[in-house]
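Chains as they are written, first to last, in this note's numbering: chain A, 22 to 353; chain B, 22 to 353.
Below is one structure, written out as structure tokens; the observations come after it.
Number of protein chains: 2
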Amino acid sequence: MSKATIKDIARAANVSVATVSRVVNNGPKVGAKTRERIQHLISTMGYQPNINARSLVMKKAATIGVVIPDVADPFFAALANGIDQIARENKVQLLISTGQVSAESEMKAITSLMQQRCESIVIHSKKIPDETLIALFNDNPKFVLIDRYIEAISHRCIWLDNHIGGQKAADYFSELNHSNIACVNSNLDIDDPKERLAGFQRGLASHGLTLNDKLITYASPSLQGGEQAAQDLLKQNTPFSAIFVYNDAMAIGVISTLEDKGLSVPNDVSVIGFDDVLLSRYSRPKLTTLRYPIDSMAKNAALLALSANINPTAQSSSYSPELVIRESTQAL
Amino acid sequence: MSKATIKDIARAANVSVATVSRVVNNGPKVGAKTRERIQHLISTMGYQPNINARSLVMKKAATIGVVIPDVADPFFAALANGIDQIARENKVQLLISTGQVSAESEMKAITSLMQQRCESIVIHSKKIPDETLIALFNDNPKFVLIDRYIEAISHRCIWLDNHIGGQKAADYFSELNHSNIACVNSNLDIDDPKERLAGFQRGLASHGLTLNDKLITYASPSLQGGEQAAQDLLKQNTPFSAIFVYNDAMAIGVISTLEDKGLSVPNDVSVIGFDDVLLSRYSRPKLTTLRYPIDSMAKNAALLALSANINPTAQSSSYSPELVIRESTQAL
DNA sequence: TTGAAAGCGTTACCAC
DNA sequence: GTGGTAACGCTTTCAA
Chain A
22 MSKATIKDIA RAANVSVATV SRVVNNGPKV GAKTRERIQH LISTMGYQPN
72 INARSLVMKK AATIGVVIPD VADPFFAALA NGIDQIAREN KVQLLISTGQ
122 VSAESEMKAI TSLMQQRCES IVIHSKKIPD ETLIALFNDN PKFVLIDRYI
172 EAISHRCIWL DNHIGGQKAA DYFSELNHSN IACVNSNLDI DDPKERLAGF
222 QRGLASHGLT LNDKLITYAS PSLQGGEQAA QDLLKQNTPF SAIFVYNDAM
272 AIGVISTLED KGLSVPNDVS VIGFDDVLLS RYSRPKLTTL RYPIDSMAKN
322 AALLALSANI NPTAQSSSYS PELVIRESTQ AL
Chain B
22 MSKATIKDIA RAANVSVATV SRVVNNGPKV GAKTRERIQH LISTMGYQPN
72 INARSLVMKK AATIGVVIPD VADPFFAALA NGIDQIAREN KVQLLISTGQ
122 VSAESEMKAI TSLMQQRCES IVIHSKKIPD ETLIALFNDN PKFVLIDRYI
172 EAISHRCIWL DNHIGGQKAA DYFSELNHSN IACVNSNLDI DDPKERLAGF
222 QRGLASHGLT LNDKLITYAS PSLQGGEQAA QDLLKQNTPF SAIFVYNDAM
272 AIGVISTLED KGLSVPNDVS VIGFDDVLLS RYSRPKLTTL RYPIDSMAKN
322 AALLALSANI NPTAQSSSYS PELVIRESTQ AL
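Shown next, in the form of structure tokens:
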């Protein structure tokens, strides 16, 4: 029964609401015995401050918001979880607002949070144009952009260096002596696939290797997409012994199709995924992949969003994916 | 810049705040032209109602809360996602509050939500005692309990019939002519493992089969737990051709160990999991499992929590797990 | 050390 | 149709 208000406590304690407010907020200048008496009343009467009233007068809420496309996707669930941990440590409530991957709904998700007077928001947005975001960030000093880099607001971006990821995959394939190399990419119209591919190609080039255009296929970044892409690859009738795949889900789809066609992974073909989601440790063979350190990225984003004064001169926060070698790759 | 208040709009439009409030809330009795003029001002001045002020006077917030142990766990992520979908449809903000699996932190998560004046809360709690929950639900008519059944508040419970799940597994093993049967269960001190096992044993009995006590092992409900449990099983030196496993993660661990020891699934041993999480479709062999319809359960829970008048005479909401046959089982 | 009172931005009731 | 105004529960000067 959280019906008791600050007035009820004040009345019961024979003091003014001001005094009660002081003890609730650990304010100074309250007599030891009054404080104790009030505290007692608070717990026996089960008083809980009304956060709405507080937010109203303070003109801000003790909340942190996060905008993601979807809670069910393991990747975004991990992102939300990282933020949640920081939120708990700082005793602020987590507000999750989902927008599909469309500029409009991403924007809607953000305004919804702003209406709650939520000041600190970690935003994952692939579709809102740069300029819109820049304007938004200028008005809202506690917004943080995750998984995306925009020059003008770089000190409030937490992003992954996709190029390096591609490069590391290329380096590893080269080290393993592969030379007939394929790539399965995402067909989504966002930057990440392009960057990963570019990095991969540059890495290959640095080892004197090249990627045959016929061996680049695109599909939706899912298990089914991976299965589809692998079939397309096989149709090319062009030999390959290694594939760099856009993400782990696709990679598992690719492997599944390959094995159905009698090709063994890693004996006949090596596969590298991307993200290192839970899945990759459960699959057989366990997936060699590039770890997306989403947990620490999320935590840092939350910390940044919560910190009162965002330091514009802070070092920029680019993260590098780490190669995790498991069982889906092998030397030729 | 969401600085404009209702007063600013009123002033600019030369009307009273009351009138502005009416158009904001689509209230009746506003002149067509005044309404239009005000609407124009609202959008040009970028006015957004302060939700805290609104909640304060309305004594309730347009939010729905959910209490789960963890956002990162795919099962709970799916639960949260179902609720989120209903929340979006009803234009209410989703509040997620995580408590580990402990009575204390589950309780903390609930009070945190109540402080926000969140009335509708979907609670997943395994540890808070029945009586506490009953008292809580009596004071809060819009709470809903998910994944647990308590007689006294049964019309506000949405739960899965674990017994039937166990029974269906038993039926299927019997149909497949298995008779040397094992069980890998969770060692967590909650009801679900007991219920699933009881249902399984009853099902077996109805087919004249029995479960050798030596072939029941307990471990943590995770991949590693499954691996461990399978090793324990093998040590018994008691033959078995089928295993009923507590959940999919464990089942994948079990399969992994089995195959490492040279036993093929399903050729040498059939495995049935529980939950039908994403994982089970990605594993090889794809898992035969009992589907936990968490998505529809979550949606119904959300609907129930949001509905103004919870009907105490409503039919109780027990769900049955459905057997999903894939590749990890086969007839003897 | 304590109290009185002025807001914070809304909604809703009652006049006009 | 429209306006005035009292709440809602809290924090924070300013006085005492």
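For each residue, glycine too, the CB sits at the ideal point set by N, CA and C.
Exercise for the section: Look at the alpha carbon of Met-22/B and the alpha carbon of Ser-317/B, and state the distance between them as a whole number of angstroms. Expected result: Locating residue 22/B in the second sequence gives position 1, counting from the first residue. Locating residue 317/B in the second sequence gives position 296, counting from the first residue. Caution is warranted here: a pLDDT of 46 is assigned to Met-22/B, below 50, making its placement in the model unreliable, and the coordinate value is therefore given only provisionally. The alpha-carbon atoms of Met-22/B and Ser-317/B are separated by roughly 39 angstroms.
Handout entry: Residues that Leu-157/A contacts on chain B, provided the C-beta gap is smaller than 8 angstroms
Key = Start at 1 with the first residue of the first sequence, and residue 157/A comes out as number 136. Within chain B, no residue comes near Leu-157/A; the closest Cβ sits about 10 angstroms away, beyond 8 angstroms.
Handout entry: 3 or more residues per run - each beta strand (DSSP E) lying fully within the segment 31 to 112 of chain A
Key = Fully enclosed beta strand (DSSP E) runs of no fewer than 3 residues occupy 84 to 89 of the segment 31 to 112 of chain A, in order along the chain.
Exercise for the section: Give, in chain order, every residue of the segment 66 to 90 of chain B whose Cβ lies closer than 8 angstroms to some Cβ of chain A. Expected result: Those would be Gln-69, Pro-70, Asn-71, Ile-72, Asn-73, Ala-74, Ser-76, Leu-77 and Ala-82, in chain order.
Handout entry: CA nearest to the CA of Phe-158/B, picked from Met-128/B, Glu-196/B, Asn-183/B and Ile-185/B
Key = Your numbering for residue 158/B matches position 137 in the second sequence. Nearest option by C-alpha distance: Met-128/B.
Practice task
Quick one: grab the DSSP three-state call for Ile-149/A.
Solution key: Translated into positions along the first sequence, residue 149/A becomes position 128. The answer is coil: DSSP assigns Ile-149/A none of H, G, I, E or B.
Handout entry: Residue environment, His-228/A, which counts as buried when at least 16 other CB atoms sit within 10 Å
Key = For the purposes of this step, residue 228/A is taken as the residue at position 207 of the first sequence. Burial call: exposed.
Practice task
Look up Phe-295/A in the DSSP assignment and give the residues it is bridged to.
Solution key: The residue given as residue 295/A occupies position 274 in the first sequence. Beta-bridge pairing links Phe-295/A to Leu-311/A.
Practice task
List the DSSP bridge partners of Asn-206/B.
Solution key: As a first step, residue 206/B must be located in the second sequence, where it is residue number 185. Tyr-239/B.
Problem - First and last residue of the uninterrupted beta strand (DSSP E) at Thr-119/B - result: Here residue 119/B refers to the residue found at position 98 when the second sequence is read from its first residue. Residues 114 to 119.
Handout entry: Proximity test, Cβ basis, 8 angstroms: Gln-245/B and chain A
Key = One-based indexing of the second sequence puts residue 245/B at position 224. Look at Gln-245/B: its C-beta is not under 8 angstroms from any C-beta on chain A.
Practice task
Would you tell me roughly how many angstroms separate the C-alpha atoms of Asn-111/A and Leu-325/A, rounded to the nearest one?
Solution key: For the purposes of this step, residue 111/A is taken as residue 90 along the first sequence, with counting starting at 1. For the purposes of this step, residue 325/A is taken as residue 304 along the first sequence, with counting starting at 1. Using only the alpha carbons, I get a separation of about 13 angstroms.
Handout entry: Check whether Val-286/A and Ser-349/A have beta carbons under 8 angstroms apart
Key = Locating residue 286/A in the first sequence gives position 265, where the first residue counts as 1. Locating residue 349/A in the first sequence gives position 328, where the first residue counts as 1. The answer is yes: Cβ separation under 8 angstroms.
Practice task
Output the distance between the C-alpha atoms of Thr-26/A and Asn-71/B, rounded to the nearest integer angstrom.
Solution key: Mapped onto the first sequence, residue 26/A falls at position 5. Mapped onto the second sequence, residue 71/B falls at position 50. The alpha-carbon atoms of Thr-26/A and Asn-71/B are separated by roughly 22 angstroms.
Problem - Buried or exposed (CB count within 10 angstroms, at least 16 for buried), Thr-259/B - result: For the purposes of this step, residue 259/B is taken as the residue at position 238 of the second sequence. In the assembly as shown, Thr-259/B is an exposed residue. Its beta-carbon has fewer than 16 other beta-carbons within 10 Å.
Handout entry: Neighbour-count burial assignment, His-61/B, 16 or more Cβ in a 10 Å radius
Key = Looking up residue 61/B in the second sequence gives position 40. It counts as exposed.
Exercise for the section: Report yes or no: do three or more beta-carbon pairs, one from the segment 160 to 168 of chain A and one from the segment 221 to 238 of chain A, lie closer than 8 angstroms? Expected result: Contact between the segment 160 to 168 of chain A and the segment 221 to 238 of chain A is absent: fewer than three C-beta pairs spanning the two stretches fall below 8 angstroms.
Practice task
Kindly say whether Tyr-303/B, judged by its beta-carbon, lies nearer than 8 angstroms to any beta-carbon of chain A.
Solution key: The count along the second sequence starts at 1 and reaches residue 303/B at position 282. It does: the Cβ of Tyr-303/B has a partner Cβ on chain A nearer than 8 angstroms.
Practice task
Have a look at Asp-296/A and Ile-107/A and give me their C-alpha separation to the nearest angstrom.
Solution key: Translated into the one-based positions of the first sequence, residue 296/A becomes position 275. Translated into the one-based positions of the first sequence, residue 107/A becomes position 86. It is roughly 22 angstroms from the alpha-carbon of Asp-296/A to the alpha-carbon of Ile-107/A.
Exercise for the section: Return helix, strand or coil for Glu-343/A, following the three-state DSSP convention. Expected result: The residue labelled residue 343/A in the question sits at position 322 within the first sequence. Note: Glu-343/A maps to strand in three-state DSSP.
Exercise for the section: Tell me, please, whether the CB atom of Gln-114/B is closer than 8 angstroms to any CB atom in chain A? Expected result: Indexing the second sequence from 1 puts residue 114/B at position 93. Yes, because at least one Cβ of chain A sits closer than 8 angstroms to the Cβ of Gln-114/B.
Practice task
With a threshold of 16 other CB atoms inside 10 Å of the CB of Asn-35/A, please say whether the residue is buried or exposed.
Solution key: Within the first sequence, residue 35/A is the residue found at index 14, counting from 1. Counting Cβ neighbours within 10 Å, Asn-35/A comes out exposed, since fewer than 16 surround it.
Handout entry: Minimum Cβ-Cβ distance from Leu-300/A to chain B less than 8 angstroms
Key = Along the first sequence, read from residue 1 onward, the residue named residue 300/A stands at position 279. Closer than 8 angstroms: yes.
Practice task
Could you give the DSSP three-state label for Ile-211/A: helix, strand or coil?
Solution key: The sequence position of residue 211/A within the first sequence is 190, counting from 1. In the three-state reduction of the DSSP assignment, Ile-211/A falls in the coil class, being assigned neither a helical nor a strand state.
Problem - Three-way DSSP call (helix, strand, coil) for Leu-197/B in this model - result: One-based indexing of the second sequence puts residue 197/B at position 176. Coil.
Practice task
Could you tell me whether the Cβ of Val-92/B comes closer than 8 angstroms to any Cβ of chain A?
Solution key: Within the second sequence, the letter at position 71 stands for residue 92/B. It does: the Cβ of Val-92/B has a partner Cβ on chain A nearer than 8 angstroms.
Problem - Phe-261/A in three-state terms, based on DSSP - result: Working through the first sequence from its first residue, we reach residue 261/A at position 240. In the three-state DSSP reduction, Phe-261/A falls in the coil class, being neither helix nor strand.
Exercise for the section: Taking the CB atoms as reference points, tell me whether Asn-102/B and Val-92/A lie closer together than 8 angstroms. Expected result: Within the second sequence, the letter at position 81 stands for residue 102/B. Within the first sequence, the letter at position 71 stands for residue 92/A. Closer than 8 angstroms, so yes.
Handout entry: Cross-strand partners of Cys-360/B (DSSP beta bridge)
Key = Because chain B is modelled from 22 through 353, residue 360/B falls outside the range shown and cannot be assessed.
Problem - Span separating the alpha-carbon of Asn-73/B from that of Thr-84/B - result: Taking the second sequence and counting its residues from 1, one reaches residue 73/B at position 52. Taking the second sequence and counting its residues from 1, one reaches residue 84/B at position 63. If you take the alpha carbons of Asn-73/B and Thr-84/B, they lie about 12 angstroms apart.
Problem - Through-space distance from Ile-293/B to Gly-186/B, alpha-carbon basis - result: Residue numbering aside, residue 186/B sits at position 165 when the second sequence is read from its first letter. Residue numbering aside, residue 293/B sits at position 272 when the second sequence is read from its first letter. Cα to Cα, the separation comes out at about 11 angstroms.
Handout entry: CA-to-CA distance, Arg-58/B to Lys-81/B, given in whole angstroms
Key = Mapped onto the second sequence, residue 81/B falls at position 60. Mapped onto the second sequence, residue 58/B falls at position 37. Going by C-alpha positions, Lys-81/B is about 30 angstroms away from Arg-58/B.
Exercise for the section: For Arg-138/B, go through chain A and note every residue whose CB falls closer than 8 angstroms to its CB, in chain order. Expected result: Counted from its first residue, the second sequence places residue 138/B at position 117. Correct list: Asn-71, Ile-72 and Asn-73.
Exercise for the section: Anything in the segment 95 to 115 of chain A with a Cβ closer than 8 angstroms to a Cβ of chain B? List those residues in chain order, please. Expected result: Hits within the stretch, in order: Pro-95, Ala-98, Ala-99, Ala-101, Asn-102, Asp-105, Arg-109, Gln-114 and Leu-115.
Practice task
Identify whether Val-266/A lies in helix, strand or coil by the three-state DSSP scheme.
Solution key: As a first step, residue 266/A must be located in the first sequence, where it is residue number 245. Strand at Val-266/A.
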